[in-house]
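As they're listed, the protein sequences go chains A and B.
Just so we're aligned, residue -15 is where the first sequence starts under this note's numbering, counting upward by one.
Just so we're aligned, residue 142 is where the second sequence starts under this note's numbering, counting upward by one.
From the three backbone atoms N, C-alpha and C, an ideal C-beta is built for every residue, glycine too.
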Amino acid sequence: MNSLIPLFVIIPLGSAFLMVILERFLKNICKVITPFALLSLLILTLHFILRVEDTQIYKVGGFEPVNGIPIAIYMVIDGLSKFVLLIISLVGFFSILYSLSYTNQYTSENKFYVLFSLLIAGMNGVVISGDIFNIYVFLEIAAIASYALVAFGVEKQQLEATFKYQILGGIASMIILMTIGLIYWNTGTLNIADIYTQISNQNSLFLKFVSLLFVAGFGLKAAIFPFHSWLPDAHSSAPSPISAMLSGVLIKAIGIYVVFRLFFNMFPLSHEIAMTITVLGTISMIVGVLLAIGQWDLKRLLAYHSISQMGYVIIGVGIGMLVIVTGGDKKIAALSIAGGLFHMINHSVFKGLLFLNAGAIEYRTGTRNLQRLGGLAKFMPITSSTSFIASMSISGIPPFNGFFSKVLIIVAAVRAGYNWIAFFAVFVSVITLASFTKVQKYAFHNNDGNKWLKKNIKEVPFSMSFSMIIMALLCLGLSFFIVPEVRDIFLNPAVQILVDTMEYSTKIVGM
Amino acid sequence: MIVYILCFILFLIGLYGVIAKRNLIKMIIGLAIMEYSINLFLIVIGYVEGGTAPIITKNFKHSGFVDPLPQAMILTAIVIGLATTAVLLAVAIRLYKKYGTFDIDEIKSLKG
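Written out as structure tokens, the structure reads:
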């Protein structure tokens, strides 16, 4: 029992409730509490990564297992959870620093911070939960907060986007809840580790049906290919720091993470599911980038690229799953999964940064239509240069972080014998570069930008530019994850959890 | 078995409502029907023929209990469903104020 684990939910949830009460008396209290809450979460996560090794669990209520059957609600922190928690608190902290100036344009700023804390609480809860029903509960907390945040501007477009997002998100939640019911019906337990021990030697039609329902439910939350249509609307309509959170973190924490956790550590691995996931990942990679080319709305373009980049994460881990299932070399599987997870943190940093840049442009010029922009490089040098770094990073240009993760995925795909996936990965990367060359040209160069001179456009306020600079430095700094010593600390524990699929349940049931 | 099939049919009716109806309020009702079907399904899973409430009293005779866990799950799910429906209805009302209609075909400023 590690009693620090519940803090990941208590800190953001508690600060959300505290802020609702205190904002009546102290007007600016939210702008103080939220950054400190996020900072403390970041420190807590780093403490777990650097100081606490091995899997840690916390039993809510302190109920000990009866006859080896877990009965309490378990909260679990292992390598994979730590890794996703790092993504959440890192991007969350810089988004909230950015928001401090950005939210000035809204009338009820305090509500923004309350909802933001709820969003963080929900995501942290999903990641540390060791129980599928609890995953559903926290997922809904995060989802409801994100519905409200997408509609935060209450303009026509935001409301329409949020309605679409809510209807599809609602269907996804219902499918997930029904599947949880089906699993409980079959096994009589909700604990992920315990479910694994019950179904690990089954290979029935029922399990395949349940797995496909989970792919549909969490695929909708993660915007994998046939379920992607809500993402461009929702992510482009939200306020920019929220777009950074949604694209950078939310689809990973409540979509991709849960898919990985359930299909590696709960269901017995099956070739069909591994193939389904990999093929869907490949298609969403291609479809996302092809849809992105024709966009002129900057944030919409970035949202389509999110679908495409999530495809890389999925194929990275999917190939690993295929290799393990077919009994291939575990080293290749580990390499591939490492590439996928590495791309996950890279994507959250550079896509977060790109959305913050888009927000900065919209904050000063009032438009995000690329055809009406141009020549901003002179007037907004920090936005321009950080956006350049993020664009190079997403297109996979060395020495930025996107290059290394893409190389890992492609090398692993070739060594595992999936040359067609490697080909598509390179192809998509080239089109991504073309698309971001367009962004750079039309937003920052193209013309001399004399029209901005008249409107007196200048660089964004300090808190916004500061978080953009730090995120840009992170784009460079995360490249060091490729160094074996650093990889051992941050990346390999997470990879290990996914490669040794049985370890998770034996460890937790034994505790 | 027939009960499970009926629950599933109710789920599909809700799904049909969400997908086929063009009115925002009817879509929300469809979503609510889906949710109730799942609540029913969970209750049915926990039902034991002739079971009693799982409370141990003084003159307690063991005759099989109804599974209490799905009931606890449904209580949580109902609260979550309430919150989701409330947010959806709030958004629908705001949309009506902006567009003057509940018809989904006339609400389309987002394309591409």
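Rounding to the nearest angstrom, what Cα-Cα distance links I221/B and Y120/A in this structure?
10 Å
Within the 8 Å Cβ cut-off, does L181/B reach chain A?
no
With a threshold of 8 Å on Cβ separation, who are the neighbours of N(-14)/A within its own chain once the five nearest residues in sequence on each side are excluded?
V36, Q40, I41, Y42, I61
Determine the direct distance from the alpha carbon of R348/A to that of E256/A, and round the result to whole angstroms.
Within the model, the alpha-carbon separation for E256/A versus R348/A is close to 50 Å.
Taking DSSP as the reference, what is the three-state secondary structure of Q480/A?
helix
Since K315/A meets chain B, which of its residues come closer than 7 Å, beta carbon to beta carbon?
Near K315/A there are no residues of chain B at all, since even the closest Cβ is about 42 Å away, more than 7 Å.
Please identify, using Cβ separations under 7 Å, the residues of the stretch 135 to 159 of chain A that lie next to chain B, in order along the chain.
A135, V138, K140, Q141, L143, E144, A145, T146, F147, Q150, I151, G154, I155, M158
Based on DSSP bridge pairs, tell me the residues matched to S113/A.
M59/A
Which residues mark the beginning and the end of the beta strand (DSSP E) in which K315/A is found?
Premise fails: K315/A lies in the alpha helix (DSSP H), 314 to 349, not in any beta strand (DSSP E).
Say whether the stretch 331 to 339 of chain A touches the stretch 455 to 469 of chain A, bearing in mind that this needs 3 or more beta-carbon pairs closer than 8 Å, one atom from each stretch.
yes
Rounded C-beta distance between I71/A and V233/A? I'm assuming under 8 Å.
6 Å
Reduced DSSP category for I251/A - H, G, I as helix; E, B as strand; rest coil
Note on identity: in this sequence residue 251/A is Phe, with Ile being the wrong assignment. When secondary structure is reduced to three states using DSSP, F251/A falls in the coil class, being assigned neither helix nor strand.
With 16 other Cβ atoms within 10 Å as the buried cut-off, status of F77/A:
buried
For a contact defined as C-beta to C-beta under 8 Å, what are the partners of Y86/A on chain B?
Residues of chain B passing the Cβ test: none, with the nearest at roughly 22 Å.
Distance between beta carbons of I291/A and G272/A, contact taken as under 8 Å
3 Å
Within 8 Å, do at least three Cβ pairs link the stretch 419 to 434 of chain A to the stretch 278 to 287 of chain A?
yes
Thinking C-beta only, is L204/A closer than 8 Å to F251/A?
no
Assumed close pair I466/A, L34/A - CB separation to whole angstroms, cut-off 8 Å
Not quite, the Cβ-Cβ distance comes to about 19 Å (not below 8 Å), so this is no contact.
Chain A contact residues for M214/B, given Cβ-Cβ distances below 7 Å
F117
Distance, Cα to Cα, H219/A vs F136/A?
12 Å
Return the residue from the list S79/A, V111/A, E7/A, L319/A that minimises the CA-CA distance to F244/A.
V111/A
Given 8 Å as the limit, is there contact between the stretch 259 to 279 of chain A and the stretch 156 to 168 of chain A, that is, 3 or more CB pairs closer than that?
no
What number of angstroms, rounded off, separates the C-alpha of F1/A from the C-alpha of G114/A?
25 Å
Could you check whether the Cβ of L230/B sits closer than 8 Å to any Cβ belonging to chain A?
no
At 7 Å on the CB atoms, spell out the chain B contacts of W169/A, in chain order.
I186
Spatial distance of F284/B from C148/B (CA atoms):
The question about residue 284/B has no answer, for chain B in this structure spans 142 to 253.
Sort A233/B, I179/B, F152/B by Cα distance to T217/B and report the nearest one.
I179/B
For K315/A, count neighbouring Cβ atoms within 10 angstroms of its own Cβ and tell me buried if that reaches 16, exposed if not.
By the neighbour-count rule (16 or more Cβ atoms within 10 Å), K315/A is not buried but exposed.
Once you ignore the five residues that flank E124/A on each side, which residues in its own chain have a CB closer than 7 Å to its CB?
Here the set comprises S157.
Take P321/B and list the residues in its own chain whose beta-carbon comes closer than 6 Å to its own, dropping the five residues that flank it on each side.
This structure gives no information on residue 321/B, because the portion of chain B shown stretches from 142 to 253.
Report the rounded CA-to-CA distance for M59/A versus V44/A, giving the unit in angstroms.
7 Å
By DSSP, does I196/B sit in helix, in strand, or in coil?
coil
Which of the three DSSP states is assigned to Q279/A in this structure?
coil
Interface partners of M175/B on chain A, CB under 7 Å
M158
Tell me whether Y426/A sits in a helix, a strand or coil according to DSSP, three-state version.
Three-state result, Y426/A: helix.
Determine the DSSP secondary structure at V44/A, reduced to helix, strand or coil.
strand
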